[in-house]
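Chemist: Chains A and B supply the protein sequences, listed in that same order. The first sequence runs 1 to 765 under this note's numbering. The second sequence runs 1001 to 1287 under this note's numbering. Sharing a structure here in structure tokens format.
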Amino acid sequence: MAATSNGKANGATRWIGTRPVRPDGVDKVTGRARFGADVHLPNMLVGKVLRSPHAHARIRSIDASAALALPGVKTVVTRDDFNDLSSEFVPAGEMLVNYRDVVRNVMAREKALFEGHPVAAVAAVSEKVAREALALIDVDYEVLPHVLDVVDAMAPDAPLLHEDMITAGVEPAPTKPSNIAKVVEFKLGDVAAGFAEADIVIEREFSTQPVHQGYIEPHSCIANYSEDDQAELWCTTQGHFVVRGHCAKLLGMDVSKLRVTASEIGGGFGGKTVVYLEPVALMLSRKSGQPVKMTMSREEVFRASGPAAGTRVWVKIGMTNEGRITAGEAVLKYQAGAFQGSPVQPGCMCAFAPYDLDHVKVIGYDVLVNRPKVAAYRAPGAPQSEFAVESVVDELAKRIGMDPVELRLKNAAKQGTKAAYGPTFGPVGLVETLEQAKAHEHYRAPLKPGQGRGVASGFWFNIGGETCATLNLGEDGTIALVAGTPDIGGSRASLCLQAAETLGVDVERIRPLIGDTSTLGYTFLTGGSRTAFASGMAVVEAGKDMIRQLCERAAKVWDIPVEAVEWSDGEARPAGSNAGEFDPLSLADLARLAGKTGGPFVGRAQINAQGAGPSFGTHIVDVDVDRETGRVTIERYTVIQDAGTAVHPSYVEGQLQGGAVQGIGWALNEEYIYDDKGRLQNPGFLDYRIPVCSDVPMIDTVIVEVPNPTHPYGVRGVGETPIVPPMAAIANAVEGALGMRFMDLPMSPPRVLKALEDARIAEAA
Amino acid sequence: MRYEAPETIEGAVKLLAGGGPRGRVLAGGTDLLVQLRAGMIAPELVVDIKRIDETREIREEGGRLVIGAAVTGAELGEHAAAKAMWPGVVEATELIGSTQIQGRASLAGNLCNASPAADTVPALVAAAATCRIAGPGGERRVPVEEVCTGPGELSLDDGEFVVAFEFPERPPRSADAYLRFIPRTEMDIAVVGAGVNLSFDDNGRCAAARVSLGAVAPTVILVEEAGRALVGTECDDAALQNMAAAASAACRPIDDKRGTVEYRTKVAGVLATRAAKIAAQRAKGAR
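So this is what it looks like as structure tokens:
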């Protein structure tokens, strides 16, 4: 057998790089698509969560008797219903989670650790009754002092969230508990020697606010637990296998007895990689014997689901007068929220990743505060640290009067660069994105008076991981593609294209499905920009598996050795000495003959995808600043990013644009506002300001393609890198406009106007 | 909860008077329904006034514009005569919410929601508009600035509701303008709002000026001092600076999630200046 990918022999592809209509498109624009809240079952109850009104409080007692007595209330769940679990770290997304913490995050145990922390839940015949029941649950709290800021939380006299927390990663181990869960350090070379080589050293301190992923669809699920301890769960998630694992653990179930189906998803961005309602809904269903549906309100989403970490970051960079960066050092303090596990480690690893440096030292602190536990958000940890580094790099360029793109080109990481976090890069496309930036018309376009232009680069690792896929050949030669990675950004289209390319069939003949947890082997969640890469690899492998079977069958029909059959252009052809001896057998021919030649065709793959290719991007942005109101307007924006190979360019462009827009919100307006009791004042899209369409210009994109050699079609992940550069790019542009550098986000109108006023006063004095 | 949709003013008054304090008036519902859903209010009676003709019409009476209480933003935005006479009032109305909200949102609803940040109210106050109010004791007319007495508080008695807004006659060389500041470009609540209404004499001097600010005090305020700073001037930079200083001086804002005292006070003057420039420009082009 000699399987060749269609068209690959001459380096061209037929399907990869085309833009067919996405397979889920019609359902989404007609409203037919079923999201988390769109399933209804007979006898279904409504579940609602009672949440702590306090940022930090010991729970003395919970009395639900009055709620249980209310007609229509079927059951109540509290901490007493969940078994305590021991400390055990397991991977989830790009983070590790601890089941001791997961069980406490879904239902407060000893203490409520943030405002919105679930304390109890009810299942009732209607939402109205459920709400009334919540008001009848009597919780006796001992309110404790709280802490919200990362620096305050690190102070020796700070209120402790977990009285037994001893900082990990410090030798010798501290004897006293603190809110610092972990200290990590990454080192390369000798920074002291590096700074000694520098002509200029700049050090600055930056802060970023926690920001929410802002998915439009709130968390929602429906659980149906049966009398024989089997259960079904339908939910909106980025990873139903991960949900299954967490829920089975928390409910003490075999994973095989819990079937989880991922609904269509209305945005995740990393925030739907963890469980909130799901174990509670299952517990309510188990106790009531009826299906239970739970849906968060927007307010609950803000109060109780994970933001990205708020941070304090100190950066010091040394450089020669010629623009060679000699050393980089940083200290990162990241909010973890109520439980440990901020993305400070990836933050440390990414901080200087765009640069080819000999001397780097980064220290990171994972710090607990009385806020919701942080969750992954596109390139978790990287935007915060790279904002700081890219701001200082810009200042260095301006100091020596060098073009900031030129300075980056002079120091850019490339193939062979040893990254401070360990690996040596293979082929990567940072230099290519910088060259494209320099050559782009945007970079040379004249600015209007008062405007500023900024650039910044960004890096994200991307990951692979455990992945299964199946291709089921129908009797008419069409194919059902089953993947286990929920489609959060057009991945079904991308997987179909990769299958079509492998099999040499029309992409319209392939219909994709995200299979539930019983249809495929364990498949890690959609996260780490891994889906187009890893599920893509699995689909290609499954395609090859099917081609092998198809060639075997053709050999049988023709009665020639299988080695004498080749698969080309979607059909089996006799090859070698048999070439031209028989008419080719198409996929449809072989499908029709399946019953007579040996049975159905199913291509399968179960892989642990390795060799994910990092993706670099460079952004260019023009801003205008209203000097009288402090408003920053994004006038023009261009994203340039290495996609490896853009399987479906429209969805790659969509990822680049979406990341930039979320970054614009992060840079300019998004922040959590708390009162002095630690209660969130803006739990809604009215006052938590993600950008609306009219806030942003059309985001231009340039896709660079430096193929990832480990993927059959060269794919890298693209979904996360685009949120990394915007904050620094915009801050650098504002500096260009005002001659004033903002080191604290967001650059909101009050903050910008205050800085302008302070400068006016200083100038006058 | 009882829902009623009377077709006459008398019918509505009767229902509302009988409903007591837990009766609410429904016009577009873009605030009321949100508050209902959020559990902020639980009225026993909702009286929909949209079927009453007087609340749904826009008409001119001897050079005076009358806008019904339940006229929607979208309807007002497409009314050429209203736009020509009171461009500031119309642009303020059109700023409310989104396209979908514009299909429902009304002037009276915006006023009676009694938010200090309501967009139409500074424009209505600057325009010297009057509310026609119907109630058990008959009808009365009240300047718009007297309707709200505090956040969420109205001077209306039980059984009373706003039927329409009546605008004064428009002298030649007159125009108004409204501007608000929001951190976004739309779908937001004013951090500061400024309505300015100007009339000029034959010599290009300001003959009358009303300046009104939103979101800088417990209610929308009419800043008479700011108006006086413009009267008799050509609205030159010096006059505008005096006006802005008077506007800022009148601010009594609070620090909240939407803005600081310092920010609101400063930006009130900025917006009043910009709105005055637009109004002056419009007035020069008018009649």
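Think of the CB as a built atom: it goes at the ideal place given N, C-alpha and C, for glycine as much as any other residue.
1. On a Cα-Cα basis, can you pick out the residue from Val-1142/B, Gly-1011/B, Ala-1108/B, Ala-1275/B that is closest to Glu-1057/B?
2. Between the Cα of Ala-439/A and the Cα atoms of Val-184/A, Val-151/A, Val-704/A, Gly-116/A, which residue gives the shortest distance?
3. Taking just the CA atoms, how far does His-212/A sit from Pro-307/A?
4. Kindly confirm or deny that the region 79-99 of chain A and the region 313-327 of chain A touch, where touching means at least three C-beta pairs closer than 8 Å.
5. Around the Cβ of Gly-254/A, are there at least 16 other Cβ atoms within 10 angstroms (buried) or fewer (exposed)?
6. Whose C-beta lies closer than 7 Å to the C-beta of Val-344/A among residues of the same chain, with five residues either side of it excluded?
7. On the three-state DSSP scale, how would you describe Gln-451/A?
8. Around the C-beta of Val-274/A, are 16 or more other C-beta atoms found within 10 angstroms, so that it is buried, or is it exposed?
9. In whole angstroms, what is the alpha-carbon distance linking Lys-1014/B and Ala-1134/B?
10. Which residues in chain B have a C-beta closer than 7 Å to the C-beta of Thr-629/A? List them in chain order.
11. For Leu-84/A, decide whether its Cβ has a neighbour in chain B, counting only Cβ atoms nearer than 8 Å.
12. Listed from N- to C-terminal order along the chain, which residues in the region 738-760 of chain A have their beta-carbon within a distance smaller than 8 Å of any beta-carbon of chain B?
13. Find the residues of chain A that neighbour Arg-1258/B, judging by a C-beta separation of less than 8 Å, and give them in chain order.
14. What number of angstroms, rounded off, separates the C-alpha of Arg-259/A from the C-alpha of Leu-525/A?
15. Give a yes or no on whether the C-beta atoms belonging to Ala-1123/B and Gly-1195/B are separated by under 8 Å.
16. For Ala-594/A, report the span of its alpha helix (DSSP H) as first-last.
17. Given this structure, state the Cα-to-Cα distance separating Ala-2/A from Gly-318/A, to the nearest angstrom.
18. Restricting to Cα atoms, I'd like to know which of Arg-32/A, Pro-683/A, Glu-466/A is closest to Asp-675/A.
19. Taking the Cβ atom as the reference point for each residue, do Gly-458/A and Pro-177/A lie within a distance shorter than 8 Å?
20. By a C-beta neighbour count over all protein chains shown, 10 Å radius and 16 as the cutoff for buried, is Gly-773/A buried or exposed?
21. Going by DSSP in three states, Gly-484/A sits in which element: helix, strand or coil?
22. Consult DSSP for Trp-1086/B and reduce its assignment to one of helix, strand or coil.
23. Any C-beta of chain B within less than 8 Å: which residues of the region 116-144 of chain A qualify?
24. Taking only the alpha-carbon atoms, compute the straight-line gap between Val-1125/B and Phe-206/A and give it to the nearest angstrom.
25. In this structure, how does DSSP classify Lys-1257/B when only helix, strand and coil are distinguished?
26. Determine the closest residue to Thr-1099/B out of Glu-1054/B, Cys-1112/B, Glu-1061/B, Thr-1072/B, with distance taken between C-alpha atoms.
27. In three-state terms, what does DSSP make of Asp-366/A?
28. Could you list which residues in chain A have their beta carbon closer than 8 Å to that of Tyr-1003/B, in chain order?
29. Exposed or buried, which one is Gln-662/A when buried takes at least 16 other CB atoms within 10 Å?
30. Let me check understanding here. Comparing Cα to Cα, which of Gly-450/A, Ser-256/A, Ser-86/A, Arg-109/A lies closest to Ala-737/A?
31. Could you tell me which whole alpha helix (DSSP H) segments of length 4 or greater appear in the region 384-463 of chain A?
32. Under 8 Å Cβ-Cβ, which residues of chain A neighbour Thr-1185/B?
33. Can you give the Cα-Cα distance for Val-122/A and Pro-1021/B, rounded to whole angstroms?
34. Assuming Ala-572/A is part of the beta strand (DSSP E), what are its boundary residues?
35. Which same chain residues end up closer than 6 Å to Gly-644/A when comparing Cβ atoms and leaving out the 5 residues on each side of it in sequence?
36. Taking DSSP as the reference, what is the three-state secondary structure of Val-1267/B?
Modeler: Well, looking at it:
1. Numbered from 1 along the second sequence, position 57 holds the residue referred to as residue 1057/B. Per the Cα distances, Ala-1108/B.
2. Counting from 1 along the first sequence, the entry for residue 439/A is found at position 439. Measuring from the Cα of Ala-439/A, the nearest candidate turns out to be Val-704/A.
3. The count along the first sequence starts at 1 and reaches residue 307/A at position 307. The count along the first sequence starts at 1 and reaches residue 212/A at position 212. In a straight line, the C-alpha of Pro-307/A is about 4 Å away from that of His-212/A.
4. no
5. Stepping through the first sequence from its first residue, residue 254/A is reached at position 254. The sequence as given places Asp at residue 254/A; Gly does not occur at that position. Exposed.
6. Working through the first sequence from its first residue, we reach residue 344/A at position 344. Val-184, Leu-332, Tyr-334, Gly-364, Tyr-365, Asp-366, Gly-381, listed in sequence order.
7. As a working note, residue 451/A is residue 451 in the first sequence. Strand, per DSSP.
8. Taking the first residue of the first sequence as position 1, residue 274/A is located at position 274. Its Cβ being crowded by 16 or more others within 10 Å, Val-274/A is buried.
9. Here residue 1014/B refers to the residue found at position 14 when the second sequence is read from its first residue. Here residue 1134/B refers to the residue found at position 134 when the second sequence is read from its first residue. Roughly 11 Å separates the two Cα atoms.
10. As a working note, residue 629/A is residue 629 in the first sequence. Within 7 Å Cβ-Cβ: Phe-1181, Val-1267, Val-1270.
11. Locating residue 84/A in the first sequence gives position 84, where the first residue counts as 1. The amino acid occupying residue 84/A in the given sequence is Asp; Leu does not appear at that position. Judged by the 8 Å Cβ criterion, Asp-84/A is not in contact with chain B.
12. Ser-748, Pro-749, Pro-750, Leu-753, Lys-754, Glu-757
13. As a position in the second sequence, residue 1258/B is number 258, starting the count at 1. Those are Asp-687, listed as they occur along chain A.
14. Here residue 259/A is taken as the residue at index 259 of the first sequence, counted from 1. Here residue 525/A is taken as the residue at index 525 of the first sequence, counted from 1. Spanning the two alpha carbons is a distance of roughly 15 Å.
15. As a first step, residue 1123/B is located in the second sequence; it is residue number 123 there, counting from the start. As a first step, residue 1195/B is located in the second sequence; it is residue number 195 there, counting from the start. Closer than 8 Å, so yes.
16. Against the first sequence, residue 594/A aligns to sequence position 594. Run containing Ala-594/A: 587-597, per the alpha helix (DSSP H) assignment.
17. Locating residue 2/A in the first sequence gives position 2, counting from the first residue. Locating residue 318/A in the first sequence gives position 318, counting from the first residue. Residue confidence for Ala-2/A is low, a pLDDT of 38 falling below 50, so the modelled location carries little weight; the figure read from the coordinates is stated next. For Ala-2/A and Gly-318/A, the distance between alpha carbons rounds to 55 Å.
18. Looking up residue 675/A in the first sequence gives position 675. Asp-675/A has its Cα closest to that of Pro-683/A, out of Arg-32/A, Pro-683/A, Glu-466/A.
19. Working through the first sequence from its first residue, we reach residue 458/A at position 458. Working through the first sequence from its first residue, we reach residue 177/A at position 177. No, Cβ-Cβ distance for Gly-458/A and Pro-177/A is not below 8 Å.
20. Residue 773/A lies beyond the stretch modelled for chain A, which goes from 1 to 765, so this question has no answer here.
21. Taking the first sequence and counting its residues from 1, the one referred to as residue 484/A is at position 484. Coil at Gly-484/A, not helix or strand.
22. Here the question's residue 1086/B lines up with position 86 in the second sequence. Coil, per DSSP.
23. Arg-131
24. Numbered from 1 along the second sequence, position 125 holds the residue referred to as residue 1125/B. Numbered from 1 along the first sequence, position 206 holds the residue referred to as residue 206/A. Cα to Cα, the separation comes out at about 45 Å.
25. Counted from its first residue, the second sequence places residue 1257/B at position 257. In the structure shown, Lys-1257/B sits in coil (DSSP, three-state: anything other than H, G, I, E or B).
26. By one-based count along the second sequence, residue 1099/B stands at place 99. It is Thr-1072/B whose Cα lies nearest to the Cα of Thr-1099/B.
27. Here residue 366/A corresponds to residue number 366 of the first sequence, with the count starting at 1. Asp-366/A: strand per DSSP, three-state reduction.
28. Mapped onto the second sequence, residue 1003/B falls at position 3. Simply none; closest approach about 18 Å.
29. Locating residue 662/A in the first sequence gives position 662, where the first residue counts as 1. Flag for Gln-662/A reads buried.
30. Here residue 737/A refers to the residue found at position 737 of the first sequence. Nearest of Gly-450/A, Ser-256/A, Ser-86/A, Arg-109/A to Ala-737/A, Cα basis: Gly-450/A.
31. 404-411, 430-439, 441-444
32. Residue numbering aside, residue 1185/B sits at position 185 when the second sequence is read from its first letter. Simply Val-692, Ser-694, Asp-695.
33. Along the first sequence, one-based indexing puts residue 122/A at 122. Along the second sequence, one-based indexing puts residue 1021/B at 21. About 33 Å.
34. As a first step, residue 572/A is located in the first sequence; it is residue number 572 there, counting from the start. Counting along the chain, the beta strand (DSSP E) containing Ala-572/A begins and ends at 571-574.
35. Within the first sequence, the letter at position 644 stands for residue 644/A. Contacts found: Gly-613, Pro-707, Asn-708, Gly-714, Val-715, Arg-716.
36. Sequence index remark: in the second sequence, residue 1267/B carries index 267 (1-based). Looking at Val-1267/B - three-state DSSP - the assignment turns out to be helix.
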